[in-house]
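A.B. asks: Residues are numbered in the working numbering as their position in the sequence shown, beginning at 1, plus a constant of 5.
Where a beta carbon is used, it is the ideal one built from N, C-alpha and C, also for glycine.
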Amino acid sequence: MNKEVIYIDSEDDITDVISKVKSAKEKIVALVPPKGIGVLSSPVNLRLLQRTSDQSEKKVVLISNDSTLRTMAASAKIPIAKTLQSKPEIPEIDALEVDGDDIIDGEKLPISAFTKKPKEDDSLLDNIDIDDNKAFSKKDPKNAKKKGAKNKIPDFNKFRKKLFIIGGAAIILIGFLVWAIWFAPAATIIINAKTSTVNVKDVINLTTDSKLAKPEEGTLLAKTESTQKDAEVSFDATGTKDVGEKAKGTLTLSQNTESDGIAVAAGTGFSSGDCTFITQKSVVIPGVKFTGGKPQGTGEVDVAVVASDVGEQCNLSARTYLSPISAVSANGTAMSGGSKKTIKVVTNEDLESAKQKLASNSNDNVKAELTSKFGSGYKVIGESFAANAADPVVSPAVGEEASSGKATVKANTTYTLTAIENTQLSKFLESAIKDKMEDKDNQKVYKNGLDEVSLTGYAAGNGAMSIGISTNGKVGPNIDEQKIKDQSKKKEYGEVQSQIESIEGVNSVDVKFSFFWVTKVPDNDNKITIEFTVDN
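Structure (structure tokens):
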């Protein structure tokens, strides 16, 4: 059965509690009294509560482990449980020992109808389940037996487990304290020095032979990386050309003078309008003999001719052609077979443009690939990047027809990129800056300018390479690091700061300790780090 739990406040009086019981929606009402049981400390209030329970047809259950309340609940016949999950029961009342004369025989007394326990109360009490899932049965005081208290036996396994946990925690704590006191303390002293700027601008030589490298003298060791790539570029053919068949036919060449034969060389052109027909072989036109004023024989010869240009425009009908030779006339048969179409062809200009595109098409990707080969320890000379392509192969060839209007050019290209190792640059810059120091004994290089160096004007030829270099370095006071360490040992932040800032040329000082509990510089050179910074 479902229950409704009501928590009694310490300020509630019995009328408040009765009102809450009456307004409860469930048949079983669990009352949880405050500490000290409050309003339920009165037997009269408990009897009023029991009467309310009967009148409202609800079963009231008290939730408490208070011994006094249990005794009063037994008198009022109200079930009680130690917790909301415990089985409720009507506590038994301890029997009192009395003398025989004081015993009243109840069998001789009349039994009032009102003292008889209702059956429905017994059945309802039997069905009370405080946590909704556990059945309980009312204890019959007549059959109840007193249970003697049992002595609890200590659990040595739990004791041993707790001992191990405490011991392990103690060992960890001791280890942490040892580490925190003797090993963890460390300090970094950051000194900001007053510096001046030194400009470096020069041209340096590069060599790939380590034996010839002398960075302090301006000859630095360089490294070149290379890779080969097969590249292909597609391009549009922009040239045009007329192709087709030339018109063909026969010319009859003749003369009408009394003379020797006239020779006509191969390649002689006879024209009509815009068309010129070329003789395909050499011929001789025989001379004509006259007898009695009449010609004897014919002075003519036939020769095959072909038009000089392709196209159907020279498909001419039979006609007379203009002769380039005096005394020779030409008559032609019908000319036929001429045809023409315009096609796209590759020009020299197309090829040169494609070569340039081929060289630059994948430069960025290849350059990034070569740069990655050097790693972070090198300064790459961007201007040294070169792409040397082998003789390109173009298809179709120059002057040939590009059937789709497209052509391709392929070539195997070797890419190269040169870089200088940072250690080489640092040695050169350190040397160049020191050469410009005014007081070399009391000054030192704080920043050699490697991080902002500029490399321009790369030149290569005849096995030699050079590059222009420019940057700004920083020089300042020569501070003895070991002396700083010795003076700072076992001192706190303020002492170290004021002591070092008193040195000429020091701008400011900061001390960073390894952990928040470390407040003094350790007495160990290996635990002290000196860092120098300069103003930008």
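1. Could you check if Ser389 is buried or exposed, using at least 16 other CB atoms within 10 Å of its CB as the buried criterion?
2. If I'm right that Gly244 touches Lys349 with Cβ under 8 Å, what's the distance once you round it to whole angstroms?
3. Kindly indicate which residue of Ala437, Ser459, Val514 and Tyr463 has the alpha-carbon position closest to the one of Gly223.
4. To the nearest angstrom, how far is the alpha carbon of Pro527 from that of Val458?
5. Following the continuous alpha helix (DSSP H) through Ala175, name the residue where it begins and the one where it ends.
6. So, is Leu434 buried or exposed, given that buried needs 16 or more other C-beta atoms within 10 angstroms?
7. Excluding sequence positions up to five away, which residues of its chain have a Cβ less than 8 Å from the Cβ of Gln504?
8. In angstroms with no decimal places, state the Cα-to-Cα distance between Asn50 and Val44.
9. So Ala198 and Val539 are in contact, right, with Cβ under 8 Å, and what is the actual spacing, rounded?
10. Please confirm whether any heavy atom of the ligand SAM lies closer than 8 Å to the CB of Phe240.
11. Within its chain, find whatever has a CB closer than 6 Å to the CB of Thr281; leave out the 5 residues flanking it on each side and keep chain order.
12. If you count every other CB in all the chains shown that lies within 10 Å of the CB of Ser58, and 16 or more means buried, which is it?
13. Can you tell me where the beta strand (DSSP E) with Gln233 in it begins and where it stops?
14. Relative to the C-alpha of Lys92, which candidate in Ala81, Asn417 and Ser69 has its C-alpha closest?
15. Just how far apart, CA to CA, sit Lys151 and Lys82?
16. Provide the residue(s) that pair with Thr534 in DSSP beta bridges, ordered along the chain.
17. Distance check for Lys490 and Ala174, CA to CA, integer angstroms please.
18. Nearest CA to the CA of Pro329: which residue from Lys346, Val293, Glu374 and Ser277?
19. Just to confirm the assignment, what range does the alpha helix (DSSP H) spanning Lys432 have?
20. Between the Cα of Ser15 and the Cα atoms of Asn7, Ile42 and Glu31, which residue gives the shortest distance?
21. May I have the straight-line CA-CA distance separating Ala464 from Lys362, to the nearest angstrom?
22. Going by Cα to Cα distance, which pick from Leu54, Leu89 and Asp307 is closest to Ser80?
23. Taking only the alpha-carbon atoms, compute the straight-line gap between Ile179 and Lys525 and give it to the nearest angstrom.
24. Name the DSSP bridge partner or partners of Gly343?
25. May I ask you to list the residues that DSSP assigns as paired with Gly473?
26. If you draw a straight line from the alpha carbon of Ile196 to that of Glu536, how long is it in whole angstroms?
27. Pick from Val403, Gly382, Lys294 and Asp485: whose alpha carbon is nearest that of Glu509?
28. Let me check understanding here. Comparing Cα to Cα, which of Asp456, Ser513, Asn512 and Ile425 lies closest to Ala209?
29. Could you pull out every residue in the same chain whose Cβ sits closer than 7 Å to the Cβ of Asp265, ignoring the five residues on either side in sequence?
30. Where do the N-terminal and C-terminal ends of the alpha helix (DSSP H) with Ala78 fall, by residue?
31. Which residue marks the beginning of the beta strand (DSSP E) containing Glu305, and which one marks its end?
32. How should Ala86 be labelled, buried or exposed, when 16 other C-beta atoms within 10 angstroms of its C-beta is the threshold for buried?
C.D. replies: In this structure, then:
1. Here residue 389 refers to the residue found at position 384 when the sequence shown is read from its first residue. The residue is buried, with at least 16 neighbouring Cβ atoms inside 10 Å.
2. In the sequence shown, counting from the first residue as 1, residue 244 sits at position 239. In the sequence shown, counting from the first residue as 1, residue 349 sits at position 344. Approximately 7 Å separates the beta-carbon atoms of Gly244 and Lys349; this is inside 8 Å, confirming the contact.
3. Within the sequence shown, numbered from 1, the residue matching residue 223 stands at position 218. The shortest Cα separation from Gly223 among Ala437, Ser459, Val514 and Tyr463 belongs to Ala437.
4. In the sequence shown, counting from the first residue as 1, residue 527 sits at position 522. In the sequence shown, counting from the first residue as 1, residue 458 sits at position 453. About 38 Å.
5. Reading the sequence shown from its first residue, position 170 is the one you call residue 175. Secondary structure note for Ala175: its alpha helix (DSSP H) is the uninterrupted segment Phe161 to Val183.
6. As a first step, residue 434 is located in the sequence shown; it is residue number 429 there, counting from the start. With 16 or more other Cβ atoms from the protein chains shown falling within 10 Å of its own Cβ, Leu434 counts as buried.
7. Residue mapping note: residue 504 aligns to position 499 of the sequence shown, counting from 1. Excluding residues within five positions, the ones whose Cβ falls inside 8 Å are Gln492, Ser493 and Lys496.
8. As a position in the sequence shown, residue 50 is number 45, starting the count at 1. As a position in the sequence shown, residue 44 is number 39, starting the count at 1. Spanning the two alpha carbons is a distance of roughly 7 Å.
9. To locate residue 198, count along the sequence shown from 1; it is residue 193. To locate residue 539, count along the sequence shown from 1; it is residue 534. Distance from Ala198 to Val539 at the Cβ level is roughly 6 Å; contact confirmed, criterion being Cβ atoms closer than 8 Å.
10. Among the components modelled here there is no ligand, and therefore nothing to report on the ligand SAM.
11. Looking up residue 281 in the sequence shown gives position 276. Excluding sequence neighbours, Thr281 sits near Gly274 and Ser313.
12. Taking the first residue of the sequence shown as position 1, residue 58 is located at position 53. The Cβ neighbour count for Ser58, taken over all protein chains shown within 10 Å, is at least 16; the residue is labelled buried.
13. Counted from its first residue, the sequence shown places residue 233 at position 228. In this chain, the beta strand (DSSP E) harbouring Gln233 covers Thr224 to Asp241.
14. To locate residue 92, count along the sequence shown from 1; it is residue 87. The residue with the shortest Cα to Cα distance from Lys92 is Ser69.
15. Locating residue 151 in the sequence shown gives position 146, where the first residue counts as 1. Locating residue 82 in the sequence shown gives position 77, where the first residue counts as 1. Its pLDDT being 48, under 50, Lys151 is placed unreliably by the model, and nothing is read from it.
16. Position 529 of the sequence shown, counted from the first residue, corresponds to residue 534. According to DSSP, Thr534 bridges with Thr193.
17. Counted from its first residue, the sequence shown places residue 174 at position 169. Counted from its first residue, the sequence shown places residue 490 at position 485. Answer to the nearest angstrom: the Cα atoms are 37 Å apart.
18. The residue given as residue 329 occupies position 324 in the sequence shown. The shortest Cα separation from Pro329 among Lys346, Val293, Glu374 and Ser277 belongs to Ser277.
19. Here residue 432 corresponds to residue number 427 of the sequence shown, with the count starting at 1. Asn427 to Asp440 is the extent of the alpha helix (DSSP H) around Lys432.
20. Numbered from its first residue, the sequence shown carries residue 15 at position 10. That would be Ile42, whose Cα lies nearest to the Cα of Ser15.
21. Taking the first residue of the sequence shown as position 1, residue 464 is located at position 459. Taking the first residue of the sequence shown as position 1, residue 362 is located at position 357. Their Cα atoms are separated by approximately 24 Å.
22. Working through the sequence shown from its first residue, we reach residue 80 at position 75. Closest by C-alpha distance to Ser80, out of Leu54, Leu89 and Asp307, is Leu54.
23. Numbered from 1 along the sequence shown, position 174 holds the residue referred to as residue 179. Numbered from 1 along the sequence shown, position 520 holds the residue referred to as residue 525. If I take the Cα positions, the gap works out to 22 Å.
24. As a first step, residue 343 is located in the sequence shown; it is residue number 338 there, counting from the start. Among the bridge pairs identified by DSSP, Gly343 is matched with none.
25. Within the sequence shown, numbered from 1, the residue matching residue 473 stands at position 468. Residue pairing of Gly473 in beta bridges, as defined by DSSP: Val208 and Thr461.
26. For the purposes of this step, residue 196 is taken as the residue at position 191 of the sequence shown. For the purposes of this step, residue 536 is taken as the residue at position 531 of the sequence shown. Spanning the two alpha carbons is a distance of roughly 6 Å.
27. If you number the sequence shown from 1, residue 509 lands on position 504. Among Val403, Gly382, Lys294 and Asp485, the Cα nearest to that of Glu509 belongs to Asp485.
28. On the sequence shown, position 204 is the one that residue 209 refers to. Note on residue identity: the sequence assigns Ile, not Ala, to residue 209. Closest option to Ile209, Cα to Cα, is Ile425.
29. Taking the first residue of the sequence shown as position 1, residue 265 is located at position 260. Hits under 7 Å: Gly292.
30. For the purposes of this step, residue 78 is taken as residue 73 along the sequence shown, with counting starting at 1. According to the DSSP assignment, Ala78 belongs to the alpha helix (DSSP H) that extends over Ser72 to Ala81.
31. Translated into the one-based positions of the sequence shown, residue 305 becomes position 300. Residues Glu305 to Val315.
32. For the purposes of this step, residue 86 is identified with residue 81 of the sequence shown, where counting begins at 1. When all chains shown are included, Ala86 counts as buried.
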